[in-house]
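See structure below.
Residue numbers (the numbering used here): 69 to 641.
As structure tokens, then:
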């Protein structure tokens, strides 16, 4: 800059001197005619001095101007550095934060967004609008009015700051919860000319808040007692309580203030299971889930059984922060369990007594009944003339025969109930039915029923053959015995395989059973549904016992006057 001023001054002086010399040359003749040489020299010297002086003055002016320009240049350079650094800081902050930054110039309603509008909300650069309308159009309709009122109240300087939560639409049409905060820039007259803001995506926080509110509602409204403790075991083996719900205070009788800050071990007492307490203590030390069942004590000293669980809770860094415990009063269940165990013991003993009685009865009756049957057989060989005596003996024979059958049936039931490990084998259904048909050939020939047999060529594994014959024999005998007198008996016996099950169906058109009255006792012991003199009420009980002993099931459908259908289901091979 200094060299430039020197050059300018030198050029200025040289130009003036050139002009001065040229002027003197042009007017030299005039000076020679009208003036002497001394005047000419004086005039020439005066011009030189004037030129030199004006050059010095110009040099001073240029130097001052250089100083002023240098100061302005330095200030401009400093300002440029500050602007550059500010822009760099803005870029760094914009990159470091996930916020979407916007700049709204109000005079011409121009809107500028940073790259966050693309990265956070998925908009392409060319899709982003340049005015405030584009911004407002993407605010959720339910939030738009509230947000606008707060914003314009701020713009009119009725409020000191503006920040709001609302839902902002993404490029795919979905909405995100955002937290928006804006700052005003004013001119020298205090007029708002610009607003700069930052939008933060708070969708995850909102969802977490909603989840926590829901969880809090569940905890506070839960009928199970909920307790939260810290993890500090420096003073107590069981951590201190920091929260209990209302169900907890109802269950224990303690108020919230009475238990906060105290160890959860305060509910254990002299009848509490020490092993369960040690189990809980070990779990706390090792930060493991724990489930115990023991006696706790209420505020009034009353004992109650509790199902108690404690689960450790960690923060996002995996550090243990709390224990959450859920308790349920199971006193009533425990009492019922004791009653049930006592009842089972009594039933087991009664069953043993009944079995013993059955064995003794059947054994003790066998010998005299055999003797009585033998005597009656001898009487058959004696001719009796007295008709009254003959009728008495005939009745006695029938009663003896029924008693013998009853004892035989009871022995069968005892064998089934007392021998779960029956012999099982692979059985072909057709062969079993053929044996039954041969045994009942006399009855079938007498009553001439219409038999429709549809037996598939299938077999069953793990079945006792004699039990299956007994089942078929009882059901077919019942069908013949309880036939309808007004029509010919028709019996349908069929089998089919469905999925992994073999289904056997016995259907007749007999007199039927009133299931409305007898459904619950149809397979009961000594249950009779018809007034037949030779009915003992053991057949269906025996059938059901034999079916269930082979892991099968039996059901019945019947209509009075129309007939009965028995359906037996076994697991197919």
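Glycine residues also receive a C-beta, built at the ideal position from the N, C-alpha and C atoms.
Query: Tell me whether residue 359 sits in a helix, a strand or coil according to DSSP, three-state version.; Result: strand
Query: Enumerate in chain order the residues of its own chain whose CB-to-CB distance from residue 223 is below 7 Å, with the five nearest sequence positions on each side excluded.; Result: 260
Query: Taking only runs of the alpha helix (DSSP H) that begin and end inside the stretch 303-351, which ones reach a length of at least 4 residues, in chain order?; Result: 314-320 and 324-327
Query: Please say whether residue 207 and residue 234 have beta carbons closer to each other than 8 Å?; Result: yes
Query: At a cut of 8 Å, does the stretch 548-565 reach the stretch 614-626 through at least three beta carbon pairs?; Result: no
Query: Any chance you could list the alpha helix (DSSP H) runs of at least 4 consecutive residues sitting entirely within the stretch 490-527, in chain order?; Result: 497-507 and 509-515
Query: So which of 294, 548, 358 and 337 has the shortest CA-CA distance to residue 328?; Result: 294
Query: Spell out a yes or no on whether the stretch 164-180 and the stretch 249-268 are touching, meaning 3 or more CB-CB pairs, one atom from each, closer than 8 Å.; Result: yes
Query: Whole angstroms are fine: how far does the CA of residue 369 sit from the CA of residue 347?; Result: 24 Å
Query: Could you name the residues of the same chain whose beta carbon sits closer than 6 Å to that of residue 396, not counting the 5 residues immediately before and after it, in chain order?; Result: 292 and 375
Query: Under 8 Å between the Cβ atoms of residue 337 and residue 305?; Result: no
Query: Starting from residue 373, follow its DSSP beta bridges and name the residues at the other end.; Result: 363
Query: For residue 321, which residues in the same chain have their Cβ closer than 7 Å to its Cβ, ignoring the five residues on either side in sequence?; Result: 366, 367 and 368
Query: For a test of the three-state rule: what should DSSP assign to residue 474, helix, strand or coil?; Result: helix
Query: Any heavy atom of the ligand MN inside 7 Å of the beta-carbon of residue 621?; Result: With respect to the ligand MN, the structure shown offers nothing to examine, as it has no ligands at all.
Query: Please determine, among 632, 497 and 517, the residue with the shortest C-alpha to C-alpha distance to residue 644.; Result: The structure shown does not extend to residue 644, since the chain is modelled only from 69 through 641, so no value can be given for it.
Query: I think residue 182 touches residue 168, with their Cβ atoms under 8 Å apart; what is that distance to the nearest whole Å?; Result: 7 Å
Query: To the nearest angstrom, report how far apart residue 212 and residue 313 are at their CA atoms.; Result: 39 Å
Query: In three-state terms, what does DSSP make of residue 575?; Result: strand
Query: What residues match up with residue 547 in a beta bridge as DSSP calls it?; Result: BP columns for residue 547 are empty, so no partner.
Query: Between which residues of its own chain and residue 390 is the CB-CB distance below 6 Å, once the five residues before and five after are set aside?; Result: 296 and 381
Query: Can you give me the Cβ contacts of residue 520 inside the same chain, cut-off strictly under 6 Å, excluding the 5 residues immediately before and after it?; Result: 560
Query: What does the alpha-carbon distance come out to for the pair residue 323 and residue 308?; Result: 15 Å
Query: Compare the Cα-Cα distances from residue 627 to each of 608, 610 and 586 and report the closest residue.; Result: 586
Query: So residue 535 and residue 614 are in contact, right, with Cβ under 8 Å, and what is the actual spacing, rounded?; Result: 4 Å
Query: For residue 517, count neighbouring Cβ atoms within 10 angstroms of its own Cβ and tell me buried if that reaches 16, exposed if not.; Result: buried
Query: Alpha carbon to alpha carbon, what distance is there between residue 401 and residue 633?; Result: 42 Å
Query: Does the beta-carbon of residue 612 have 16 or more other beta-carbons within 10 angstroms, so that it is buried, or is it exposed?; Result: buried
Query: Within 10 angstroms of its Cβ, does residue 582 collect 16 or more other Cβ (buried), or is it exposed?; Result: exposed
Query: Helix, strand or coil, according to DSSP, for residue 569 in the structure here?; Result: strand
Query: Could I get the ranges of all uninterrupted alpha helix (DSSP H) runs contained in the stretch 178-213, with 4 residues as the minimum, in chain order?; Result: 184-187 and 200-205
Query: What are the partner residues of residue 395, as DSSP defines its beta bridges?; Result: 293 and 376
Query: Among residues of its own chain, excluding the 5 on either side of residue 253, which ones have a beta-carbon nearer than 8 Å to its beta-carbon?; Result: 260, 261, 262, 263 and 264
Query: Quick one: what does DSSP say residue 215 is sitting in, helix, strand or coil?; Result: helix
Query: Residue 33 lies in the alpha helix (DSSP H); which residues open and close that run?; Result: For the chain, the structure presents residues 69 to 641; residue 33 sits outside this window and is missing.
Query: With 16 other CB atoms within 10 Å as the buried threshold, where does residue 267 fall?; Result: buried
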